[in-house]
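J.: FYI, the numbering for the sequence shown is -7 to 334, going by this note's numbering.
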Amino acid sequence: MTYSEALDFAAGQVRSLIERHPGFYPMYTHQGRWKHDLPAWTHWCDGFLPGIMWILLARGDHSWREPAIRYTRPLEPRQFDRDVHDLGFIFMSTYRRWLDLEPDPALDAVLVQAGRTLALRFREKGRYLCSFAAEDSLFIDIMMNVGIVFHAARRAGDQRLHDIAIQHCLTTRRVLVRADGSTAHEGIFDPETGEFIRQTSQQGFRGDSCWSRGLAWALYGFHTAYRYTNDPRFLRTAEACADFYMEQSCPVPPWDYDAPLESRRQVDTSAAAIAASGLLQLGYTNYARTILDALCRDHVGGTEGILNHGVYHIHKGLGVNESVMWGDYFFVEALALAEAAK
Ligand code: GLY
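#1: Determine the direct distance from the alpha carbon of Arg51 to that of Ala32, and round the result to whole angstroms.
#2: Taking the C-alpha atoms as reference points, what is the distance between Arg119 and Ser129?
#3: I'd like the span of the alpha helix (DSSP H) that includes Ile189, first residue to last.
#4: For Leu168 versus Gly179, is the C-beta spacing smaller than 8 Å?
#5: Quick check: is any heavy atom of the ligand GLY less than 7 Å from the C-beta of Tyr304?
#6: Taking the alpha carbon of Val244 as the point to measure from, which residue in Asn300, Val259 and Phe236 has its own alpha carbon closest?
#7: In or out: Leu93 buried (at least 16 other Cβ within 10 Å) or exposed?
#8: Identify the continuous alpha helix (DSSP H) that holds Phe131 and give its terminal residues.
#9: To the nearest angstrom, how far is the alpha carbon of Tyr20 from that of Met317?
#10: Give me, in chain order, the residues of the same chain whose beta-carbon lies closer than 7 Å to that of Ala265; leave out the 5 immediate sequence neighbours on both sides.
#11: Look at the Cβ atom of Cys122, then the Cβ atom of Val138, and state whether they are nearer than 8 Å.
#12: Taking the alpha-carbon positions, what's the Leu227 to Ala251 distance?
#13: State buried or exposed for Glu127, treating a residue as buried only when at least 16 other CB atoms are found within 10 Å of its CB.
#14: Taking the alpha carbon of Leu112 as the reference point, which residue from Asp73, Leu103 and Arg281 has its own alpha carbon closest?
#15: At which residues does the alpha helix (DSSP H) containing His160 begin and terminate?
#16: Taking only three categories from DSSP, how would you classify Glu331?
#17: Quick one: is Thr(-6) buried, meaning 16 or more other Cβ sit within 10 Å of its Cβ, or exposed?
#18: Have a look at His307 and Ala176 and give me their C-alpha separation to the nearest angstrom.
#19: Can you give me the start and stop residues for the alpha helix (DSSP H) that Phe226 sits inside?
#20: So for Phe114, helix, strand or coil by DSSP?
#21: Closer than 8 Å is the cut-off here; do at least three beta carbon pairs connect the region 60 to 67 with the region 39 to 48?
#22: Thr86: buried (16+ other C-beta within 10 angstroms of its C-beta) or exposed?
#23: Which term fits Phe83, buried or exposed, when burial requires 16 or more other beta carbons within 10 angstroms of its beta carbon?
#24: What does a CB cutoff of less than 8 Å around His22 pick up in its chain, not counting 5 residues either side in sequence?
#25: What number of angstroms, rounded off, separates the C-alpha of Ser201 from the C-alpha of Gln195?
#26: What residue range is occupied by the uninterrupted beta strand (DSSP E) comprising His305?
#27: May I ask you to check if the CB of Gln195 is nearer than 7 Å to at least one heavy atom of the ligand GLY?
#28: Any chance the CB of Arg205 is under 7 Å from a heavy atom of the ligand GLY?
#29: Exposed or buried, what is Ala330 when buried is set at 16 or more other beta-carbons lying within 10 Å of its beta-carbon?
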């Protein structure tokens, strides 16, 4: 399947989804179907479905404008949501894309508020944005969300917000990115002193392993931090994560690089899609295309989603070897970037 055929397939799958289940924001499929009663664990995915529509609209298909707005507007109250660390995922995929296409101060105001809300998670002791799990917890995933704090700082001219975002990135770099460019999923701090205690994991194999999606989040997220700051430390970190990813010679990686052999047969295509998009933005075009070629060849279709064989939470048995909404979103983003670069 070519990239343009994959994008056409993606558009068809999204059209079927919104016709079959109007107003529904899916997260992961179960037995190939988006609609089921299994738990979310945490609510971080609602931006990805409209985000795909904004990408398809930006490619020139104006029929996506109305549904993109219809699925984006209901997210607006979440600019005040203090229960998640995912406001970047929710708003940079939607309001930011909308703003880029149609500048409007009201859209900007939503993004600035979402950035301010996320910044409330900053722990002075430890100097990080804490995860939804607990105040003493830092997730690598938050590197994908700190961009909205940088964005808000820039738009509002707020130096304190900018400093918070910088401190979060420096702490994440220090405690979750290892010397070989691999990453830990979670760090635990002493809440009294702010001292870093240990690496651990929620979704990876264990604390000293490398969960492939976390690595992809880091690769992409540190490059975003570099784009907002021009700080070469963040570029070097993104490149170290990219080098680790490419050195494994697994374009579509196992869900965790250090899981036992049998378990490693389970790939996570969402990690591959995120990495492909991040690598394209870093300028590693050849390897990004190697990933996209593998995804288009072996992993498109077979569910109600776009990309098959993703993993959400292997330990909880949620979305294992299924389509996951963020995998679909970053796959479409990467395909559109690759197409535009031609
Ligand atoms: N919570 C983000 C992820 O599952 O990667």
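Positions of the beta carbon are idealized from the N, C-alpha and C atoms, including for glycine.
T.: Straight from the coordinates:
#1: The count along the sequence shown starts at 1 and reaches residue 32 at position 40. The count along the sequence shown starts at 1 and reaches residue 51 at position 59. Distance between the alpha carbons of Ala32 and Arg51: 31 Å.
#2: Here residue 119 is taken as the residue at index 127 of the sequence shown, counted from 1. Here residue 129 is taken as the residue at index 137 of the sequence shown, counted from 1. Distance between the alpha carbons of Arg119 and Ser129: 11 Å.
#3: For the purposes of this step, residue 189 is taken as the residue at position 197 of the sequence shown. Counting along the chain, Ile189 falls outside any alpha helix (DSSP H), though it belongs to the beta strand (DSSP E) covering Phe188 to Thr192.
#4: Mapped onto the sequence shown, residue 168 falls at position 176. Mapped onto the sequence shown, residue 179 falls at position 187. It is a contact, given that the beta carbons lie within the stated cut-off.
#5: Here residue 304 refers to the residue found at position 312 of the sequence shown. True, at least one ligand heavy atom lies under 7 Å from that Cβ.
#6: Counting from one through the sequence shown, the residue named residue 244 turns up at place 252. Measuring from the Cα of Val244, the nearest candidate turns out to be Val259.
#7: Here residue 93 refers to the residue found at position 101 of the sequence shown. By the neighbour-count rule (16 or more Cβ atoms within 10 Å), Leu93 is not buried but exposed.
#8: For the purposes of this step, residue 131 is taken as residue 139 along the sequence shown, with counting starting at 1. Note, Phe131: premise wrong, no alpha helix (DSSP H); beta strand (DSSP E) at Ser129 to Phe131.
#9: Position 28 of the sequence shown, counted from the first residue, corresponds to residue 20. Position 325 of the sequence shown, counted from the first residue, corresponds to residue 317. Spanning the two alpha carbons is a distance of roughly 6 Å.
#10: Here residue 265 refers to the residue found at position 273 of the sequence shown. Hits under 7 Å: Leu287, Leu299, Gly319, Phe322, Phe323 and Ala326.
#11: Here residue 122 refers to the residue found at position 130 of the sequence shown. Here residue 138 refers to the residue found at position 146 of the sequence shown. Going by C-beta atoms, Cys122 is not nearer than 8 Å to Val138.
#12: As a first step, residue 227 is located in the sequence shown; it is residue number 235 there, counting from the start. As a first step, residue 251 is located in the sequence shown; it is residue number 259 there, counting from the start. Their Cα atoms are separated by approximately 28 Å.
#13: Numbered from its first residue, the sequence shown carries residue 127 at position 135. With fewer than 16 Cβ atoms within 10 Å of its Cβ, Glu127 is classed as exposed.
#14: Here residue 112 refers to the residue found at position 120 of the sequence shown. The shortest Cα separation from Leu112 among Asp73, Leu103 and Arg281 belongs to Asp73.
#15: For the purposes of this step, residue 160 is taken as the residue at position 168 of the sequence shown. Start and end: Gln151 to Leu168.
#16: Looking up residue 331 in the sequence shown gives position 339. Under the three-state reduction of DSSP output, Glu331 falls in the helix class.
#17: Here the question's residue -6 lines up with position 2 in the sequence shown. Burial call: exposed.
#18: For this step, residue 307 is matched to residue 315 along the sequence shown. For this step, residue 176 is matched to residue 184 along the sequence shown. Whole-angstrom Cα-Cα distance: 16 Å.
#19: Mapped onto the sequence shown, residue 226 falls at position 234. For Phe226, the enclosing alpha helix (DSSP H) starts and ends at Pro224 to Glu239.
#20: Within the sequence shown, the letter at position 122 stands for residue 114. Phe114: strand per DSSP, three-state reduction.
#21: yes
#22: Walking along the sequence shown from the start, residue 86 turns up at place 94. The residue in question, Thr86, is buried, as its Cβ has 16 or more Cβ neighbours within 10 Å.
#23: Position 91 of the sequence shown, counting from 1, holds the residue named residue 83. Taking all protein chains shown into account, Phe83 has 16 or more neighbouring C-beta atoms within 10 Å of its C-beta and is therefore buried.
#24: As a working note, residue 22 is residue 30 in the sequence shown. The answer, listed in chain order, is His28, Leu30, Gly311 and Glu314.
#25: Residue 201 sits at position 209 when you count from the first residue of the sequence shown. Residue 195 sits at position 203 when you count from the first residue of the sequence shown. Whole-angstrom Cα-Cα distance: 11 Å.
#26: By one-based count along the sequence shown, residue 305 stands at place 313. Counting along the chain, the beta strand (DSSP E) containing His305 begins and ends at Gly302 to His305.
#27: As a working mapping, residue 195 is identified with position 203 in the sequence shown. Within the cutoff, so yes.
#28: The residue given as residue 205 occupies position 213 in the sequence shown. Within the cutoff, so yes.
#29: Numbered from its first residue, the sequence shown carries residue 330 at position 338. So Ala330 counts as buried.
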